[in-house]
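A short worksheet on the structure shown next.
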Amino acid sequence: MKAAVLSFPGSNCDADLLWAIRDICGEEAEMVAANHTDLSGFDLVLVPGGFSYGDYLRSGAIAKFAPVMTALKAFADAGGYVIGICNGFQILTEAGLLPGALQWNQSLQFICEPEPLVVANNQTAFSTAYRADQTITLPIAHGEGNYYADPATLAALEANGQVVFRYAHNPNGSLNDIAGVTNARGNVLGMMPHPERAVEALLGGTDGLGVFQSLIHATKGATTVAAN
Amino acid sequence: MLQTEMSPETIRVKKPYLDWGLTEAEYDRYAELLGRLPNYTEIGLASGMWSEHCAYKFSKPVLKGFWTKNDRVLMGPGEGAGVIDIGEGKAVVFKAESHNHPSAVEPYEGAATGVGGIIRDIFSIGAKPIAVLDSLAFGSPTDPRTKQLIDQVVAGIGGYGNAIGIPTVGGEIRFADSYAKNPLVNAMCVGVMDKAKIQKGKAAGVGNALIYVGAKTGRDGINGASFASAEFSDEAAADRSAVQVGDPFMEKLLMDACLEVTDRHQAALVGMQDMGAAGLVSSTVEMADKSDSGMVLDLDLIPQREPHMTPFEIMLSESQERMMLCVRAGSEDQIIALFKEYDLDAVVCGHVEAGHRYRLLHHGEVVCDVPVSALTSDAPVYHQASQQPARLAHPAADFVPAVPDALATLKQLLADPNVADKAFLYQRYDAQVQTNTCVTPGSDAGVVRVRGTHRALAMTTDSNGRYLYLDPEVGGAITVAEATRNLVVSGAEPLGITDCLNYGDPTKPEIFYELAESAKGITAATKVFNTPVISGNVSLYNETNGVAIYPTPMIGMVGLIEDLTTITTQDFKQVGEGVYVIGATGADFNGSLLQQVLTGGVAGTLMPLDLAAEKAKQDLVLQAIRAHLVSAAHDVADGGLLVALAEMSFGRGIGLKATVDLPAAQLFSETQGRFILTVPAAHQAAFEAMAGAAATHIGTTEAGTLKVTATDQTIEAPVAALKQINMEGLSCQLK
Amino acid sequence: MFKATIYVNYKPSVLDPKAEVIKKTLGRLGQTNVASVLVGKYFELTLSADSKEAAEQQVDRICDEMLANVNMESYRYDVAAVTA
Amino acid sequence: MFKATIYVNYKPSVLDPKAEVIKKTLGRLGQTNVASVLVGKYFELTLSADSKEAAEQQVDRICDEMLANVNMESYRYDVAAVTA
Ligand SMILES: Nc1ncnc2c1ncn2[C@@H]1O[C@H](COP(=O)(O)OP(=O)(O)O)[C@@H](O)[C@H]1O
Ligand SMILES: [Mg+2]
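Protein chains in written order, with my numbering: chain A, 1 to 228; chain B, 1 to 735; chain C, 1 to 84; chain D, 1 to 84.
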C-alpha cells in the first residue's frame, strides 16, 4: 500500500499525517506537493489538516484551485480512497468532493480539546476497525468546523449512512452532530477531528489508529477486519 | 502627505528627534560621532537604534550582571535566541519577548505579531520552532475593557500560532489591578535543532550579498510605539494606520524556506537575522557590527508595499515577516531560487563593504554614511540612580488572616481569577499540532518530545508581581524557583531561562531599584539551580498616569526529561495512593493570594527563600520521579497547600483524605519550597527510605471527596463541587 | 477598466454565528431597537476587460468559484466602467 | 424603521493578507487582468428610531465601538427609512 499525503502552501498537519501513516502504521507513504499533477501509483490519498494558503478567505477556498486537486478528483472518480482531515475536510467540501460546507464554530472561537465521538457507521472503508456505536476520543482543533448542509442533502446523508462519526457533545454547532461524512460512493471521507493526533499512547491516546487501520485493510482488499 | 525632510541645520534647530525619543544630549553625542550634523535619515536611524529596545541603554548595566554560561550553554544572550545542548547531537533554542504596548493599543494584532516576532527569532538561529508559551497579565476581569482585551489577545496568539502550526503548550494568565491599563503580553518560543547547524546574524566577507526576503516593506509601525500613538491621537491622520498586521501564512513559508537554507545551503549562507524592532536598520547594522564589517544598501531595491516611501520610513518600518540573509558572492541565485519556490520575494539589496561604514543609497544618492559603531556599540549606556521605594523601607506589620471557615476560603480562592481554570481560554490554542505534545496546558509545565531521541523538553513561564512589589530581590529569586519547581514536578531537570523584564520608567530611581534588585535575586537563583540566562527582553515604561505596574520579571524556563517514561503530571492518578508533602509550612501570608483577596492588595515583609534548601528538595523530587516512585507531583504556589491539593484532584475527580499538623489558616500560607507527591502503595517504603524526614505523609487519595483535617477545622467537600467553582471562576466573569 | 463591487452573505437558511453575537451584544448594551443584523463580506475588484459583459462574466465566475461558497452563501455584484 | 448598510475596510496603509492571497491566486489562475482586490465587511442593520438623524447617530456609535476596529479600519454607512 502506498499513500500520498498532500501538502499545500501553509499546510501544517501534513508532517503529522505522514508520521502517522508511515512511522506509526508502517506503510509506504510520500508527501506530494500541491503543484503536482499526478497521483498515479498511490492507493490512498490523505489531505491534511491545519491551514492552507492562510485560509484567510474561507478555509479550503484557495486550496481547491491547486493543480493537484484535478488529479485528486480523477483519483476519487476512479474509486480511490481519499480522506480529508480538518482543513482537508474543508478543502474536499470546497472542491465538491464531499457534500455540505463548514462554517465558523458557533462560539466563533477556535477549539482545541479531546472530543468524544460516536462511530455512527462502522461499515465504511474508514471505520471497519471500530465497533458499531463505539465511543472514541479524538482531538479537535479548528475554528471552522460547524458542518452545514441543506435539508435535502442532510436527509440523503443520513439515509445512505454517509455519516461516519458524530460528536457526543456537539462542540461547534454542526448539524446532526456530524463530525465526519463520506461521499455517496463511500470512497471519500472528511472529518474534523484529528485521528493522526491519537496514534500514540505517549501523546494521550490511540483511538485514531482505527481510521488508518481500516483504510489500510480496505486498500489491501481485505474483506473484513476483526472488531477490536 | 509626508514630512518634508528637514535639512541637517533645521534638524539641529527644530529638534524633531525629541518626538522620536532622543534627547538633546544624545543628538549632540551622535553629531560628534559623525563629525558633522546628521541628516534626516541618519538621525532617524539613531532614534531607532538608540532606543531602549535596541540599545538597552538603561538596562545594560543590569543585564551585565546576569549569569549566562555553564558547560551546556552553546550560545548565550546577544543573538536572536540562546542555545543549550540537550545531548544526542541536539540543542534547544529559546527566547521570550514582550509585546505589551502594541497589545494595549491593538490587542489582536499586537499579540499575534508578538508571537510572529518571537518565532522568527528562533528560526533565525536555524532551529525548528516546536512550542510557544504565553505569559499574560491583566487588570480585573470584571472590567469591560479588560474582557475585550483578554478575548482579543487570546484570539491573536491563537490566530498566529494555530495558523503557522506551532503548538502553544503553556503559559499563564495573572490578574492584578496594576495591569489594568497596561496589560502584559509576553510570548516565548522554543525550537530544536542539530547542534552542528547553529546560525548567527553575521554579515562578513567583502562583496558578499545581503538578501532581503519575505513580506514587502510598508509604512507600518514606523519608529515603534511612539510614532503609532502620536498618529492615533491625530484625527487628521485618521485614514492612515501604523498597526502591524501579522500574516502567519507568509511566516510559515518564510520559516520553512529559511530552515531549508540553514539545513541544506550552509556553505552559501554567511548569516541570517530577523527584522524586529527598528526593522531593516537594526537587522543589517547589527549583522555588520557583529562581523566588524562595513555595508551598503540600495533602498530602491527593497520590496515596497506603498509608493513614495522615504529612506526614513523604509529603514524604520516594522512590517512583519521579513528576514535578512548574508550570502556568499556567487551563491545569490541559488538562494533566491529557493525562496522563489516558496513564492517569496527575495532580492539582493546590498553588499558587505570594506571598512566600517554603514551606507544607504536612495534614488542614486547617498542618504546615510555613518560609522557602523555610531548606531551600535557607541550608543549611550546610562547608569541610573537607584533608590529604594518608600514602601519597602517601612513594611507593614505581618498579615494575620482570619479564616473562620476554611472551606469557604478555599472556595473563594478557587474562584479567584488567578487560580480559576483557564482551559476555556487556552483551548483556543492548538496545543498538539506537530504531534509531539506529551503534556498539554493544564499541568505544571508543557512537555514536548524531541523526535529522533528518547528525550522530551518541559517548559513553563512564571511571574509573580505581588511578591516583587514587596521585595524585588527575593521576589526575583522566587520567580526563578517557581519556574524550576514547575519543571521538576514534571520530571525535568531545569536547563536555563529566558526572561522578559517588565517594569515602569527606568529614569525613576525607585523603578530602577526594582529592576536592579530583582536582577540580583534572579542571578542568585539561577546560579543555585544551574539555569543560566540565555536570552531575554526588556520592556520598560509600563506605566499609566505615572503609576507603574508591579515589577514583573517573567521567567521562561526549559527543562530536559531524559527518559520519556518519567514524564509526570499533577493529577491524582488512582485512589489508595500515599500523599506526601515536601517542605515545611509556616505562617507566610505577606504577598499571598489570600492577602490580595481578603484585603485587596499586598503589604508586609515578603517570606524568605532558602535557595540551598530549595535546591535539595527539588533534587529529591526529581530523584524520586526518575526512580519511577511518583505517580503525580505538583508544586505549592498561589493560594497554598489546600488549593494545590484541590488542583491535583480536578483532573480525574479523585480526592484525598489527609490530616495535617497545622491550623487551618496555614493551609493558605505561601511558604516557599513545597511540593506534593503521590506514591503508589507498592513504592511507599522505597520512597520513604529515599526521602527520610524531608517528606511528610499526610494521607491517601480517595474517590470523589477532598477531606483535610487541620488542628482546628476539618475541610470536606465533593471534588466535583470544588471543580465546578474553579471552572466557573473566570469563565463566568468573562461572559 | 471596470470596477466590480461584490457582496457575499450567508443564505437565509444558514444560522450565522457572527450576526448572532453582534445582535446579542447589542441587546446586552441596551440597544434592543436593533431588529436584525446581517453580516456579509464585500469585495472590490478592478479589472480590465473588453466590455462590461465580459467583465461581468468573469466576475460571476470568480464569485461562484472562489469568493462565495454557494453551498451556504449567495452573492451579488455591480460592475461599472471606471477611468483607469 | 430604518435600514443601515455599513461598510468596513482596512485603512489603505494596512497590510491585508486576505486581499494579497486572492490576488495572487487569481494571477496564478491566469486572471492577470484583475488589477486590484479590496476585501471588506458589510453589515445590514434594521432598527427603529425616532428620526433618521437618531438612527444615524446610533449606527455611527455601533460602527465605532463594535463593528469596526478604528485603529486599522475605516467605515461608512447609509441609513434609509424602510417600511417595517
Ligand atoms: N495563557 C496561557 N496559555 C497556555 N496555557 C496556560 C495559560 N494560562 C495558563 N495556562 C496553563 O494552565 C495551567 C495552570 O497555570 P498556572 O496556574 O499559571 O500554573 P503554575 O502555577 O503551575 O505555574 C498550566 O498548565 C498553564 O500552562
Ligand atoms: Mg505549578
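All residues carry an ideal CB built from backbone N, CA and C; glycine is no exception.
Residues of its chain near residue i, where Cβ-Cβ distance is below 6 Å and the 5 sequence neighbours each way are ignored
i: His53/B; result: Ala277
i: Ala61/A; result: Glu94
i: Thr599/B; result: none
i: Phe399/B; result: Phe589, Asn590, Gln595, Gly604
i: Thr5/D; result: Glu44, Asp78
i: Leu26/D; result: Val34
i: Phe232/B; result: Residue placement at Phe232/B is flagged as unreliable, the pLDDT there being 33, under the threshold of 50; the coordinate-derived value follows with that caveat. Same-chain partners within the cutoff: there are none.
Interface residues of chain A facing residue i [CB-CB closer than 8 Å]
i: Val21/D; result: Tyr53, Gly54, Tyr56, Leu57, Ile62
Where the alpha helix (DSSP H) through residue i begins and ends
i: Pro494/B; result: Element bounds for Pro494/B: not the alpha helix (DSSP H) but the beta strand (DSSP E), 493-502.
i: Ile725/B; result: 719-734
i: Cys258/B; result: 248-264
i: Phe424/B; result: 423-426
Contact with chain A by residue i, beta-carbon distance below 8 Å
i: Leu29/D; result: yes
i: Thr5/D; result: no
i: Lys18/D; result: yes
For residue i, the first and last residue of its enclosing beta strand (DSSP E)
i: Ser98/B; result: 90-98
i: Leu189/A; result: 188-191
i: Pro114/A; result: 111-119
i: Met557/B; result: 552-561
i: Lys41/D; result: 34-47
i: Phe339/B; result: Run containing Phe339/B: none in the beta strand (DSSP E); it sits in the alpha helix (DSSP H), 332-341.
Min CB distance residue i to chain D below 8 Å
i: Arg145/B; result: no
i: Ala721/B; result: no
i: Arg120/B; result: no
i: Ser51/C; result: no
i: Tyr77/C; result: no
i: Phe232/B; result: In this prediction, Phe232/B scores a pLDDT of 33, lower than 50, which makes its location untrustworthy; the coordinate-derived value is nonetheless stated afterwards. Chain D, which has a Cβ nearer than 8 Å to the Cβ of Phe232/B, makes this yes.
Other residues of its chain near residue i: CB distance less than 8 Å, five sequence neighbours each side excluded
i: Val597/B; result: Gln412, Leu413, Asp416
i: Met49/B; result: Ala55, Ala278, Val281, Ser282, Val285, Leu375, Thr376, Ala379
i: Ala49/C; result: Phe2, Ala55, Gln58
i: Ile118/B; result: Lys95, Ala96, Glu97, Val132, Ala187, Met188, Cys189
Cβ of residue i within 8 Å of any chain B Cβ
i: Gly10/A; result: yes
i: Pro139/A; result: yes
i: Met72/D; result: yes
i: Leu203/A; result: yes
Near ligand 4: residue i beta-carbon under 7 Å from a heavy atom
i: Asn39/B; result: Ligand 4 is absent from the structure shown, which contains only ligand 1 and ligand 2.
Neighbour list for residue i in chain B, Cβ cutoff strictly below 8 Å
i: Leu117/A; result: Under the 8 Å cutoff, chain B gives no residues; its nearest Cβ is about 16 Å from Leu117/A.
Residues that residue i contacts on chain C, provided the C-beta gap is smaller than 9 Å
i: Ser13/D; result: What Ser13/D touches in chain C: nothing, since even the nearest Cβ is about 17 Å away.
i: Trp104/A; result: Asp16, Pro17, Lys18
Cut-off 7 Å between Cβ atoms - residues of its own chain near residue i, not counting five sequence neighbours on either side
i: Thr68/B; result: Gly76, Pro77, Pro532, Val533, Ile534
i: Tyr469/B; result: Tyr550, Pro551, Val602
i: Ala179/A; result: Leu117, Phe165, Arg166, Tyr167, Met191, Met192, Pro193
i: Gly170/B; result: Leu133, Pro441, Ala445, Gly446, Met459, Thr460, Thr461
i: Ala288/B; result: Ala203, Gly294, Met295, Tyr358, Val372
Within-8 Å CB hit, residue i to chain C
i: Ala101/A; result: yes
i: Lys41/D; result: yes
Contacts of residue i in chain B (Cβ-Cβ under 7 Å)
i: Arg197/A; result: Gln432, Thr435
Contacts of residue i in chain A (Cβ-Cβ under 9 Å)
i: Gly271/B; result: Per Cβ cutoff of 9 Å: no residues; Gly271/B is ~27 Å from chain A at best.
i: Pro248/B; result: Gly10, Phe51, Gly54
Within chain D, the residues that residue i reaches when beta carbons sit closer than 9 Å
i: Gln57/C; result: Near Gln57/C there are no residues of chain D at all, since even the closest Cβ is about 12 Å away, more than 9 Å.
Neighbouring residues, chain D, relative to residue i (Cβ below 8 Å)
i: Ala220/B; result: According to the sequence provided, residue 220/B is Asp. The question's Ala does not apply to it. The answer, in chain order, is Ser13, Val14, Leu15.
Q) Quick one: any contact between the segment 670-683 of chain B and the segment 617-634 of chain B, if contact means 3 or more CB pairs under 8 Å? A) With a cut-off of 8 Å, the segment 617-634 of chain B and the segment 670-683 of chain B count as touching, because enough Cβ pairs lie within range.
So does the segment 127-147 of chain B actually touch the segment 442-462 of chain B, counting three or more Cβ pairs closer than 8 Å? The segment 127-147 of chain B vs the segment 442-462 of chain B: in contact.
Quiz item: Would the segment 70-80 of chain A and the segment 100-118 of chain A be scored as touching if the rule is three or more Cβ pairs under 8 Å?
Solution: Segments in contact, no.
>> I'd like to know if the segment 247-255 of chain B and the segment 51-67 of chain A are in contact, where contact means that at least 3 CB-CB pairs between them fall below 8 Å.
In response: The answer is yes - the segment 51-67 of chain A touches the segment 247-255 of chain B, with three or more Cβ pairs under 8 Å.
Within the chosen definition, does the segment 10-28 of chain C reach the segment 710-727 of chain B through at least 3 CB pairs nearer than 8 Å? Counting C-beta pairs with one atom in each stretch, the segment 10-28 of chain C and the segment 710-727 of chain B have fewer than three that are closer than 8 Å, which means they do not touch.
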